[in-house]
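Asks: Quick one: structure below, then a few questions.
In my numbering, the protein residues as written are 446 to 777.
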């Protein structure tokens, strides 16, 4: 970066996805004077990106790119391009002259949840357990006010998952409240609890759900100061590695007694939400069975269909047991 005369106009542009490990000498004045953060696009950005990639694709009259943009939170530009390409491939395989709404929805499911593995041979018992597991996730989200709306439930194996429950938030969130995080934990625990209530046993399919629920509780205690017992403090300092590609390490900056209290608080948060979710599903066990049996017959259900099955044309009651979860799945 040296060797240029002062009267030569040279602009140097560089990009990285790990700004945390850059040498401070690179960022001093005279080297890279300005840093521009490029986050994932919001709903308006996603709409503009979809419009760019859809120019080369003939779209049907039923296609509304605004709806697709709202239903793809967290998608990058590459994800959106992949979605349009997948939809075009689906339409071509079906000998269609244009891409319709169903093609885009199927492509979105493939990008978000993975390709279907219909060739996978699973027993009827495993399929039944998966149906109840996914129905448990969906019903918790339906009955707890403030949970992200259920978009789709599937018991068709996709990727490593035996089944998937997908949520789509009503609006994009940049911060989470303690109540919202408790809702996520409840929703994540719904699958395992549904298995307990119906089969009086549990499977290994909830491993990812338990891992994510525990991770949320740990962050609530150690990073976000959401524990009354431990107070508004941050526990554990992050230490960046000097080599690219390494994750953050954690430096323990608290005593053994505090470590014990942290473990107790994490356990308390998860177990309280576990009891709350179990009470909720116990009260609505008939709805759990109805949704699960329908899933076994149809393999896929939209969130609106489940809502109509449970509540009919009535508005769901706002009172739920206790106080107050992204795509969940049953792993192989």
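Glycine included, each C-beta is placed from N, C-alpha and C at the ideal position.
Relative to the alpha-carbon of residue 657, which residue among 727, 675, 745 and 633 has its alpha-carbon at the smallest distance?
Replies: On the chain shown, position 212 is the one that residue 657 refers to. Answer by Cα proximity: 633.
Asks: Which complete alpha helix (DSSP H) runs does the stretch 449 to 480 hold, if anything under 4 residues is left out?
Replies: 469 to 472, all fully within the stretch 449 to 480.
Asks: For residue 749, count the other beta carbons within 10 Å of its own beta carbon; 16 or more makes it buried, fewer makes it exposed. Which is it?
Replies: Start at 1 with the first residue of the chain shown, and residue 749 comes out as number 304. It counts as exposed.
Asks: Taking the beta strand (DSSP E) that residue 745 falls in, what are its first and last residues?
Replies: Counting from 1 along the chain shown, the entry for residue 745 is found at position 300. Element bounds for residue 745: 745 to 747.
Asks: Which residue wins for smallest C-alpha separation from residue 704, given the options 667, 524 and 460?
Replies: Residue 704 sits at position 259 when you count from the first residue of the chain shown. When each option's Cα is compared against that of residue 704, the closest is 667.
Asks: In chain order, which continuous runs of the beta strand (DSSP E) of length 3 or greater are located wholly inside the stretch 543 to 602?
Replies: For the stretch 543 to 602, whole beta strand (DSSP E) runs of length 3 or above, ordered along the chain, are 595 to 599.
Asks: Out of 732, 488, 648 and 681, which one is the CA nearest neighbour of residue 581?
Replies: Numbered from 1 along the chain shown, position 136 holds the residue referred to as residue 581. Answer by Cα proximity: 732.
Asks: Less than 8 Å between the CB atoms is what I'm expecting for residue 592 and residue 586, so what's the real figure, rounded?
Replies: Position 147 of the chain shown holds residue 592. Position 141 of the chain shown holds residue 586. At roughly 4 Å, the Cβ-Cβ gap stays under 8 Å, so residue 592 and residue 586 are in contact.
Asks: Of all Cβ atoms in chain C, is any one closer than 8 Å to the Cβ of residue 576?
Replies: You won't find chain C in this structure, because it holds only one protein chain.
Asks: Quick check: the Cα distance between residue 537 and residue 548, rounded to an integer number of angstroms?
Replies: The count along the chain shown starts at 1 and reaches residue 537 at position 92. The count along the chain shown starts at 1 and reaches residue 548 at position 103. Each residue's Cα considered, the two are about 10 Å apart.
Asks: Is the distance from the Cβ of residue 711 to the Cβ of residue 659 below 8 Å?
Replies: Position 266 of the chain shown holds residue 711. Position 214 of the chain shown holds residue 659. It is a contact, given that the beta carbons lie within the stated cut-off.
Asks: Could you have a look at residue 504 and say whether DSSP puts it in helix, strand or coil?
Replies: For the purposes of this step, residue 504 is identified with residue 59 of the chain shown, where counting begins at 1. Strand at residue 504.
Asks: Can you list, in chain order, the residues of its chain with a C-beta nearer than 7 Å to that of residue 603? Leave out the 5 residues immediately preceding and following it.
Replies: Along the chain shown, one-based indexing puts residue 603 at 158. Within the same chain, residue 603 has close Cβ partners 558, 559, 560, 561, 562 and 609.
Asks: Tell whether a beta-carbon distance below 8 Å holds between residue 533 and residue 502.
Replies: Mapped onto the chain shown, residue 533 falls at position 88. Mapped onto the chain shown, residue 502 falls at position 57. Contact: yes.
Asks: Do residue 639 and residue 671 have their C-beta atoms closer together than 8 Å?
Replies: If you number the chain shown from 1, residue 639 lands on position 194. If you number the chain shown from 1, residue 671 lands on position 226. Going by C-beta atoms, residue 639 is not nearer than 8 Å to residue 671.
Asks: For residue 631, tell me which candidate among 700, 752, 600 and 721 has the shortest Cα-Cα distance.
Replies: Start at 1 with the first residue of the chain shown, and residue 631 comes out as number 186. Ranking 700, 752, 600 and 721 by Cα distance to residue 631 puts 721 first.
Asks: With 16 other CB atoms within 10 Å as the buried threshold, where does residue 654 fall?
Replies: Residue mapping note: residue 654 aligns to position 209 of the chain shown, counting from 1. Answer is buried; the Cβ neighbour count reaches 16.
Asks: Going by the CB atoms, is the gap between residue 736 and residue 644 shorter than 8 Å?
Replies: Position 199 of the chain shown, counting from 1, holds the residue named residue 644. Position 291 of the chain shown, counting from 1, holds the residue named residue 736. Contact flag unset, no.
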